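Single-structure report; data block below.
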Amino acid sequence: MSGVSLLLSLVLIYYSHLQINGIGGTGFAFGNFATIMAISMDRYLTVVWSNRFPPSKRRIIIFIILSWTFPIANTIPPSFELISDFKYHPLTHHCTPVWEVCLYYSICNIIVFGITVPVMVFCYIGVFWTLRRQQQVLRSYTDENVDDSEQSKYVNNPSISLDNLSGQGGNVSETMEEFSSSNLDDHVVHGSEKGKNNQQETVKKKKQTAKRRSLQNKLTTDKRIALTGTLLVMTTVICWAPYSIVHACFIPIHATHSLGVFSMWLGYTNALLDPIIYSFMNRRVRARYRAMMTSLRMYIYVRLNELIAVFTQDCRY
Numbered sequence: 001m002s003g004v005s006l007l008l009s010l011v012l013i014y015y016s017h018l019q020i021n022g023i024g025g026t027g028f029a030f031g032n033f034a035t036i037m038a039i040s041m042d043r044y045l046t047v048v049w050s051n052r053f054p055p056s057k058r059r060i061i062i063f064i065i066l067s068w069t070f071p072i073a074n075t076i077p078p079s080f081e082l083i084s085d086f087k088y089h090p091l092t093h094h095c096t097p098v099w100e101v102c103l104y105y106s107i108c109n110i111i112v113f114g115i116t117v118p119v120m121v122f123c124y125i126g127v128f129w130t131l132r133r134q135q136q137v138l139r140s141y142t143d144e145n146v147d148d149s150e151q152s153k154y155v156n157n158p159s160i161s162l163d164n165l166s167g168q169g170g171n172v173s174e175t176m177e178e179f180s181s182s183n184l185d186d187h188v189v190h191g192s193e194k195g196k197n198n199q200q201e202t203v204k205k206k207k208q209t210a211k212r213r214s215l216q217n218k219l220t221t222d223k224r225i226a227l228t229g230t231l232l233v234m235t236t237v238i239c240w241a242p243y244s245i246v247h248a249c250f251i252p253i254h255a256t257h258s259l260g261v262f263s264m265w266l267g268y269t270n271a272l273l274d275p276i277i278y279s280f281m282n283r284r285v286r287a288r289y290r291a292m293m294t295s296l297r298m299y300i301y302v303r304l305n306e307l308i309a310v311f312t313q314d315c316r317y
């Protein structure tokens, strides 16, 4: 969005096509808002309602259509001069709608700060709440495994107290012989049953371990999704709040030229930060970045060694 809008600013203003520049800048800006809102809704459905609304092509197509419908609908009023009009602002050196028309200014701010940001906050609060429940379930599985392990140790390793045996009167060896002779048949009869029980307990533990690992992996992924959403909400508010304040129509603000340019560039920075956040919060993308940086360092290291070798040879001659 930033690159295309800046390119339109440089080329189309030179040829006095202000309306095309305004449509492009405004459309791409609101397209960015609609896209991150659609992504947050998709994350909410994936994490909170994963069983009822599984990922599908139909849902992706619906979100893509919505992401394009909102910016197109938002650029129609100033394009046809229904509510506002596109005008070159010397304060930001950019063609934008006339923000002095308070109705259009109110509509745009309601879309950004009244719809987009609250929907994102609601979606990621739901994600955080689901994370909390998953942590409780994972903790309960851990406690059950600990209890089962302690119980199996107690059952599989019975101990016979010599003091109790000797305290009943008689010799310890005679008592042990009586105990062994009387329980020999029981051990023979119940030996196979204990083996089956041990196998069942082993299978049960393996299933519980596998389920716990799957829950742990899902919990880690959902935490990364929640952190990504929090960063997106923060960047959206921080990047566009100064621009909205500078161009407020209800409150007369006498902004300086530097403040106007800064607010415009800060708004463009939002479109730059969003893909960076998505990239660095993705484990595979981070691994590829590390591989690229490693190969770049190796390339620079090899080239420097070659230059040093050539330089030392020239110095010798």
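Numbering of the sequence shown is given in the UniProt record's numbering, commencing with residue 1 and proceeding in unit increments. C-beta: ideal position from N, C-alpha, C; glycine also. Note that the structure is a prediction, hence the values are computed from the model and not measured.
Helix, strand or coil at residue i according to DSSP, with G and I counted as helix
| i | result |
| --- | --- |
| H247 | coil |
| H257 | helix |
| P97 | strand |
| F70 | helix |
| F80 | coil |
| F86 | strand |
| Q313 | helix |
| F113 | helix |
| residue 321 | Not covered by the structure: residue 321. The range shown for the chain is 1 to 317. |
| P275 | helix |
| P242 | helix |
| N217 | helix |
| M281 | coil |
| F53 | coil |
| P252 | coil |
| T92 | coil |
| Q168 | In this prediction, Q168 has a pLDDT of 46, which is less than 50 and means its spatial position is unreliable; what the coordinates show is noted afterwards. Correct three-state label for Q168: coil. |
| Y154 | Unreliable placement is indicated for Y154, whose pLDDT of 47 sits below 50; the coordinate value is still reported in the next sentence. Here Y154 sits in helix by DSSP. |
Own chain, CB closer than 6 Å to residue i, minus 5 neighbours either side, in chain order
| i | result |
| --- | --- |
| G263 | Here residue 263 turns out to be Ser, not Gly, going by the sequence shown. The residues are P242, Y243, V246. |
| F53 | L45 |
| P78 | S84, D85, F86, P97 |
| C102 | C249 |
| N156 | In this prediction, N156 scores a pLDDT of 49, lower than 50, which makes its location untrustworthy; no coordinate-derived value is stated. |
| Y105 | W99, C249 |
Straight-line Cα distance separating residue j from residue i
| i | j | result |
| --- | --- | --- |
| I111 | W240 | 12 Å |
| T92 | D42 | 35 Å |
| P118 | R59 | 21 Å |
| F113 | S140 | 40 Å |
| R133 | E306 | 58 Å |
| A38 | V302 | 46 Å |
| T235 | L227 | 12 Å |
| I238 | I251 | 20 Å |
| F30 | S258 | 24 Å |
| I225 | G22 | 34 Å |
| T116 | V310 | 60 Å |
| T312 | A287 | 37 Å |
| F63 | C123 | 15 Å |
| W129 | V48 | 9 Å |
| N282 | V127 | 18 Å |
| A210 | S40 | 29 Å |
| S214 | L138 | 10 Å |
| N171 | K207 | Confidence in N171 is poor, its pLDDT being 49 and thus under 50, which makes the residue's placement too unreliable to answer from. |
| I300 | L273 | 28 Å |
| residue 318 | Q19 | Within the shown structure, residues of the chain are numbered from 1 to 317, placing residue 318 beyond reach of any answer. |
Nonlocal neighbours in the same chain, by C-beta distance under 7 Å from residue i, ignoring five residues either side
| i | result |
| --- | --- |
| K223 | L131 |
| A291 | none |
| Q135 | L219 |
| G260 | L91, T92, V246 |
| P55 | T46 |
| V285 | S279 |
| T294 | none |
Residues of its chain near residue i, where Cβ-Cβ distance is below 8 Å and the 5 sequence neighbours each way are ignored
| i | result |
| --- | --- |
| Y289 | S279, F280 |
| I76 | L82 |
| V121 | V233 |
| I308 | none |
| I277 | T228, L231, L232, T235 |
| G27 | P71, I72, N74, T75 |
| T256 | none |
Problem set entry | Three CB pairs or more closer than 8 Å across the segment 63 to 77 and the segment 23 to 40 | Contact holds between the segment 63 to 77 and the segment 23 to 40, because three or more Cβ pairs, one in each stretch, are under 8 Å apart.
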